[in-house]
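Asker: Structure provided below as structure tokens; questions to follow.
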Amino acid sequence: MSEIVNSTRFGELEVPAEALVDFPEGMIGVGGRRFALLEREESGAFKWLQETADPDLALPVTDPFPFFPDYEVVLGDEEAKRIGITDPAAAQVLVVVRADEDPGQISANLLAPILVAAGVGHQVMNEASWAPLREPLLSGGRRPVAA
Numbered sequence: 000m001s002e003i004v005n006s007t008r009f010g011e012l013e014v015p016a017e018a019l020v021d022f023p024e025g026m027i028g029v030g031g032r033r034f035a036l037l038e039r040e041e042s043g044a045f046k047w048l049q050e051t052a053d054p055d056l057a058l059p060v061t062d063p064f065p066f067f068p069d070y071e072v073v074l075g076d077e078e079a080k081r082i083g084i085t086d087p088a089a090a091q092v093l094v095v096v097r098a099d100e101d102p103g104q105i106s107a108n109l110l111a112p113i114l115v116a117a118g119v120g121h122q123v124m125n126e127a128s129w130a131p132l133r134e135p136l137l138s139g140g141r142r143p144v145a146a
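The opening position of the sequence shown corresponds to residue 0 in numbering that gives the first Met the number 0, with each subsequent residue numbered one higher.
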């Protein structure tokens, strides 16, 4: 069954049930417990997480792997147990995008990715050795070279 969601960015939307994601613990720093995952362009790289009860709260997100092929999400045992994802391949990985007027300053939050499985989302802390809070999206995932 679909749900009507109001958005100051997109207007009134009819969202199919499969696009609704519940975040039992909310999203870090922004709150919100139920979001609609919106694809504004079928072949676009970016999606939006629109909070269903707050028309002003919409976060741009993307699949990190096309931009950062070497990216990995590493979870400690406690974190994996807390969120209940036992098979990482079963979860969709998204990262929040920080927009900027200067395309070179658009960045992705690789430190706190979002894992979505079976309509439930969790923003987690990535324990990978290389997972910055703000990585330029167009950098291609080039890790700093150790001196």
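Beta carbons are placed, not taken as given, at the ideal position from N, Cα and C, and that holds for glycine.
Between the Cα of residue 93 and those of 72, 2 and 102, spot the shortest distance and give me the residue it belongs to.
Answerer: The option with the nearest alpha carbon to residue 93 is 72.
Asker: Specify the secondary structure class of residue 107 as computed by DSSP and reduced to three states.
Answerer: Here residue 107 sits in strand by DSSP.
Asker: Spell out a yes or no on whether the segment 8-21 and the segment 35-44 are touching, meaning 3 or more CB-CB pairs, one atom from each, closer than 8 angstroms.
Answerer: Flag = yes, the segment 8-21 and the segment 35-44 touch.
Asker: As a quick exercise: from 126, 64, 135 and 59, pick the residue whose alpha carbon is nearest that of residue 74.
Answerer: The shortest C-alpha separation from residue 74 is found at 126.
Asker: Determine the closest residue to residue 47 out of 41, 53, 57 and 40, with distance taken between C-alpha atoms.
Answerer: Residue 57 is the option with its Cα nearest to residue 47.
Asker: Take residue 113 as the anchor and find which of 134, 96, 77 and 65 has the nearest alpha-carbon.
Answerer: For residue 113, the nearest C-alpha among the options comes from 96.
Asker: For the beta strand (DSSP E) containing residue 2, name the first residue and the last one.
Answerer: Element bounds for residue 2: 2-6.
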